[in-house]
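Okay, structure first, notes after.
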Amino acid sequence: MSFEEFLKEKFRLKDEDLKKALLLQRESSLPLPQILVSLGLVSEDQLIRALAQYLNLSVLEETLPPDEELFRDGFLDGVNLNFLIEKKCLPFKVDKTKKVLFVATSNPYNYEAFNYLTNLTGFRIEPLLASEERLKALARYFSLQEVPEIKSLEVDEDVERLTELAFEAPVIKYLNNLLTKAVELRATDIHIETFKNKARVRFRIDGTLHDMEVLDLNFARAVVSRIKLLSGLNIAERRVPQDGKFTTRVSSVVLDLRVSTIPMVHGEGVVLRLLYRESLTFDIRTLGLEKDHYELALRLISYPYGILMVTGPTGSGKTTTLYSMLTYLNSDERKIITIEDPVEYQLEGINQIQVKTEVGLTFASALRAILRHDPDIIMVGEIRDRETAEISIHSALTGHLVLSTLHTNDAPSALFRLIEMGIEAYLINASMVGVIAQRIIRKNCPYCSEEVKLEKEVWDEYEFDEILEKWGYLIGEPKIVKGRGCEKCANTGYRGRIAIFEVFEYDDELKEAFLKLKSLEAFRKYLKQHRDFRTLREDGFIKVLKGITTISEILRVC
14 MSFEEFLKEK
24 FRLKDEDLKK
34 ALLLQRESSL
44 PLPQILVSLG
54 LVSEDQLIRA
64 LAQYLNLSVL
74 EETLPPDEEL
84 FRDGFLDGVN
94 LNFLIEKKCL
104 PFKVDKTKKV
114 LFVATSNPYN
124 YEAFNYLTNL
134 TGFRIEPLLA
144 SEERLKALAR
154 YFSLQEVPEI
164 KSLEVDEDVE
174 RLTELAFEAP
184 VIKYLNNLLT
194 KAVELRATDI
204 HIETFKNKAR
214 VRFRIDGTLH
224 DMEVLDLNFA
234 RAVVSRIKLL
244 SGLNIAERRV
254 PQDGKFTTRV
264 SSVVLDLRVS
274 TIPMVHGEGV
284 VLRLLYRESL
294 TFDIRTLGLE
304 KDHYELALRL
314 ISYPYGILMV
324 TGPTGSGKTT
334 TLYSMLTYLN
344 SDERKIITIE
354 DPVEYQLEGI
364 NQIQVKTEVG
374 LTFASALRAI
384 LRHDPDIIMV
394 GEIRDRETAE
404 ISIHSALTGH
414 LVLSTLHTND
424 APSALFRLIE
434 MGIEAYLINA
444 SMVGVIAQRI
454 IRKNCPYCSE
464 EVKLEKEVWD
474 EYEFDEILEK
484 WGYLIGEPKI
494 VKGRGCEKCA
504 NTGYRGRIAI
514 FEVFEYDDEL
524 KEAFLKLKSL
534 EAFRKYLKQH
544 RDFRTLREDG
554 FIKVLKGITT
564 ISEILRVC
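So in the working numbering the end of the sequence shown lands on 571, straight run, no missing numbers.
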């Protein structure tokens, strides 16, 4: 049976699809499997596994880094890595006892590369079929190993020497490669952390930190110096925290990088926040609001005046939600002014103010000034103190819609946090229109997710029947899905993020309950029993039943 016939039978390809693929093959001279992937008839991972099954070969399942034995005793000395990268055939692990070299490749007939490695090492070659993404990741890894001596530079504390090193080619190349890798993996933050004899590099991907590599401490100091120079920071100052920023282009992606340094026992720790300028879409429809929550959120931001609070811990997506609301509200008929610390993204047509406490421009002082500029909508990045809260309430009571944030664990807590700040309950009732609480969760990877069966004990434990009874109209046919882990998701099973929410409109009934009940627990209980209200966890479980995420991910965040 030919491979084409094997694919047709395995994936039950329709005759018309196969005819279309064969026609494209004749026109383009590309291999048929590649065309099947481009047409979306099979995924690259499915194709790799099918080819492995057809040829009785193994698939590369392991993640980076490759086997340490490859780099011992000069085993790869003399190997032309550029040639192997070009041929898409790279060493991954070695069995020196059996004299077998396992190589990652997407081409099982890569005899030119196989013979090259056999002649150089004397070992038998065993191919491991790998996707293009895995091969790219492996190629990046080998590229960073090309100049190992650079990673152990003797760097003293001399500022001039650190400055010189920051401009040396190996340091520049390493930082460029690091940013390229971060963009390819969709990282939002890069952490460089210094310890006694080494430095660790980690990426935050979809909200979770992942170890990437370990650097020699001295080389890491040179990299940190390079970052500080690009950010306009004082390279000689290592005793106090510093903040800076710079912009760069990685391939076709424009990156705004926010840089923060902090003194640590063995050097400086650095965090780079990556802001992807060209991929920004602040669309309220894509936040993760279910249909009922979406309609309620639109109603809340349609009030002509009042305060709408968005609450949650740091990193829960509050700014993205506020920006999405402002984008929805933005029009030629409205004047919108924001006060932020910092201004995360610049929004077209919206007046944004950066807080500068060093010159006396605080949230409170900026708010006072804003009221003299005839705004329709005001966004206050965060209500941190009583003064800011009082002016925000005053703004709402004088005919402005005010959007702001608080740090609370859930939506009902926002009201009581204002009480703790010293705001009178009658002022809260007079100004508040609603509260939205949220968390960010990871979504199942669309490339490797598969439907799984949930045990009845687990189903009952999380009361999924009750969820379906109350909100089945939002779910449809329930399905439990879990990511297997693949190259596209760094073998985590998750790719991309979405938010879960608590939302309530602060109407007269709730205002009366708030005045009567006095305690947070009593108000929270009232809200759950007397309203069509659901908690963050319940909203998360709706997304579990829709196949968007997993139970463990919901339990991780709430």
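C-beta atoms are modelled at their ideal positions from N, C-alpha and C, and glycine is treated no differently. Just so we're clear, the structure is a prediction, and the values are computed from it rather than from any experiment.
Own chain residues within Cβ distance below 7 Å of Ile-555, not counting five before or after: Along the sequence shown, one-based indexing puts residue 555 at 542. Same-chain partners within the cutoff: Glu-303, Ile-480, Trp-484, Leu-487 and Ile-488.
Going by Cα to Cα distance, which pick from Thr-221, Ile-363, Leu-549 and Arg-452 is closest to Leu-339? Taking the first residue of the sequence shown as position 1, residue 339 is located at position 326. When only C-alpha atoms are compared, the closest one is Ile-363.
Pull up the distance between the alpha-carbon of Asn-247 and that of Lys-241, whole angstroms please. Translated into positions along the sequence shown, residue 247 becomes position 234. Translated into positions along the sequence shown, residue 241 becomes position 228. Using only the alpha carbons, I get a separation of about 7 Å.
Indicate the three-state DSSP secondary structure (helix, strand or coil) for Glu-479 in the structure shown. Position 466 of the sequence shown, counted from the first residue, corresponds to residue 479. Helix at Glu-479.
Once DSSP output is grouped into helix, strand and coil, what is the label at Gly-498? Numbered from 1 along the sequence shown, position 485 holds the residue referred to as residue 498. Three-state result, Gly-498: coil.
Could you please give the first and the last residue of the uninterrupted alpha helix (DSSP H) stretch that includes Lys-578? The structure shown has nothing for residue 578, since the chain only spans 14 to 571.
For Tyr-307, the first and last residue of its enclosing alpha helix (DSSP H): In the sequence shown, the residue the question calls residue 307 occupies position 294. 304-313 is the extent of the alpha helix (DSSP H) around Tyr-307.
Cross-strand partners of Lys-369 (DSSP beta bridge): Counted from its first residue, the sequence shown places residue 369 at position 356. BP columns for Lys-369 point to Leu-374.
Check: Tyr-507 C-beta below 8 Å from any heavy atom of the ligand COA: This structure lacks the ligand COA; in fact it carries no ligand of any kind.
9 Å Cβ cutoff met for Tyr-358 and Val-448: Within the sequence shown, numbered from 1, the residue matching residue 358 stands at position 345. Within the sequence shown, numbered from 1, the residue matching residue 448 stands at position 435. Contact flag unset, no.
Using CA atoms only, rank isn't needed, just tell me which of Asn-132, Asn-128, Lys-101 and Leu-133 is closest to Asn-120. One-based indexing of the sequence shown puts residue 120 at position 107. Nearest C-alpha to Asn-120: Lys-101.
Outcome for Leu-419 when other beta-carbon atoms lying within 10 angstroms are tallied against a minimum of 16: Numbered from its first residue, the sequence shown carries residue 419 at position 406. By the neighbour-count rule (16 or more Cβ atoms within 10 Å), Leu-419 is buried.
Anyone know if the C-beta pair for Leu-130 and Val-116 falls short of 9 Å? The sequence position of residue 130 within the sequence shown is 117, counting from 1. The sequence position of residue 116 within the sequence shown is 103, counting from 1. For Leu-130 and Val-116, yes; Cβs fall inside 9 Å.
Close-in-space but distant-in-sequence residues of the same chain around Phe-127 (CB under 6 Å, 5 per side omitted): Residue mapping note: residue 127 aligns to position 114 of the sequence shown, counting from 1. So the qualifying residues of the chain are Ile-138.
If you draw a straight line from the alpha carbon of Glu-400 to that of Ala-377, how long is it in whole angstroms? As a position in the sequence shown, residue 400 is number 387, starting the count at 1. As a position in the sequence shown, residue 377 is number 364, starting the count at 1. C-alpha separation (whole angstroms): 6 Å.
Rounded to whole angstroms, what's the CA-CA distance from Pro-388 to Ser-408? Just pull it up for me. For the purposes of this step, residue 388 is taken as the residue at position 375 of the sequence shown. For the purposes of this step, residue 408 is taken as the residue at position 395 of the sequence shown. Cα to Cα, the separation comes out at about 10 Å.
Relative to the alpha-carbon of Ile-415, which residue among Met-434, Ile-383 and Arg-85 has its alpha-carbon at the smallest distance? One-based indexing of the sequence shown puts residue 415 at position 402. Inspection of the sequence shows that residue 415 is occupied by Val rather than by Ile. Val-415 has its Cα closest to that of Ile-383, out of Met-434, Ile-383 and Arg-85.
Near Leu-68, what residues of its chain come up, given a Cβ to Cβ distance below 6 Å and the 5 sequence neighbours on each side ignored? Residue 68 sits at position 55 when you count from the first residue of the sequence shown. Taken in chain order, the residues that qualify are Pro-121.
Can you give me the Cβ contacts of Leu-440 inside the same chain, cut-off strictly under 7 Å, excluding the 5 residues immediately before and after it? The residue you call residue 440 lines up with position 427 of the sequence shown. The residues are Ile-406.
Buried versus exposed call for Pro-104 [16 or more other C-beta atoms within 10 Å across all chains shown]: Locating residue 104 in the sequence shown gives position 91, where the first residue counts as 1. Classification for Pro-104: buried.
Relative to the alpha-carbon of Glu-572, which residue among Pro-326, Glu-500, Arg-397 and Phe-477 has its alpha-carbon at the smallest distance? Past the edges of the chain, shown from 14 to 571, lies residue 572, and the structure says nothing about it.
State the CB to CB distance for the pair Ile-511 and Lys-466, rounded to an integer number of angstroms; the pair is presumed to be in contact (CB under 8 Å). What you label residue 511 is simply residue 498 of the sequence shown in a count that begins at 1. What you label residue 466 is simply residue 453 of the sequence shown in a count that begins at 1. Not confirmed; about 24 Å, so no contact.
Report yes or no: do the stretch 262-273 and the stretch 303-316 share at least 3 C-beta pairs separated by less than 8 Å? no
To which residues does DSSP link Arg-25 through a beta bridge? Within the sequence shown, numbered from 1, the residue matching residue 25 stands at position 12. In the DSSP output, where bridge partners are listed per residue, Arg-25 has none listed.
Would you call the stretch 346-358 in contact with the stretch 310-321, where contact means no fewer than 3 C-beta pairs closer than 8 Å? no
Contacting residues, own chain, Cβ-Cβ under 7 Å from Glu-125 (five flanking each side not counted): In the sequence shown, residue 125 corresponds to position 112, counting from 1. Hits under 7 Å: Lys-100.
To which residues of the same chain is Val-237 closer than 6 Å at the C-beta, ignoring the five residues directly before and after it? In the sequence shown, residue 237 corresponds to position 224, counting from 1. Answer for Val-237: Glu-281 and Val-283, listed in chain order.
Same chain, Cβ closer than 7 Å to Asp-80, neighbours up to 5 away in sequence not counted: Position 67 of the sequence shown, counting from 1, holds the residue named residue 80. Phe-105, Lys-106 and Val-107.
Backbone CA spacing between Ser-426 and Ala-450 [nearest angstrom]: As a first step, residue 426 is located in the sequence shown; it is residue number 413 there, counting from the start. As a first step, residue 450 is located in the sequence shown; it is residue number 437 there, counting from the start. Rounded to whole angstroms, Ser-426 to Ala-450 spans 9 Å at the Cα level.
Alpha carbon to alpha carbon, how far is Tyr-539 from Thr-548? Reading the sequence shown from its first residue, position 526 is the one you call residue 539. Reading the sequence shown from its first residue, position 535 is the one you call residue 548. Straight-line Cα distance between these residues: approximately 13 Å.
Just list the beta strand (DSSP E) runs in the stretch 247-309, keeping only unbroken ones of 3 residues or longer that don't cross its boundaries, in chain order. 255-263, 266-277 and 280-289
The stretch 17-33 in contact with the stretch 44-56 per 3-pair CB rule at 8 Å: yes
My guess is that Gly-560 and Cys-571 are in contact by the Cβ rule of under 8 Å, so how many angstroms apart are they, rounded? Within the sequence shown, residue 560 is the residue found at index 547, counting from 1. Within the sequence shown, residue 571 is the residue found at index 558, counting from 1. Incorrect: roughly 19 Å between the Cβ atoms, too far for contact.
Identify whether Thr-562 lies in helix, strand or coil by the three-state DSSP scheme. Position 549 of the sequence shown holds residue 562. In this structure, Thr-562 counts as coil in the three-state DSSP scheme.
Can you find the residues in the same chain that come closer than 6 Å, C-beta to C-beta, to Phe-24, ignoring five residues on each side of it along the sequence? By one-based count along the sequence shown, residue 24 stands at place 11. For Phe-24, where only same-chain residues beyond five positions count, the Cβ hits under 6 Å are Val-55.
Out of Arg-251, Tyr-341 and Arg-286, which one is the CA nearest neighbour of Phe-295? Sequence index remark: in the sequence shown, residue 295 carries index 282 (1-based). If we check each option's Cα against that of Phe-295, Tyr-341 comes out closest.
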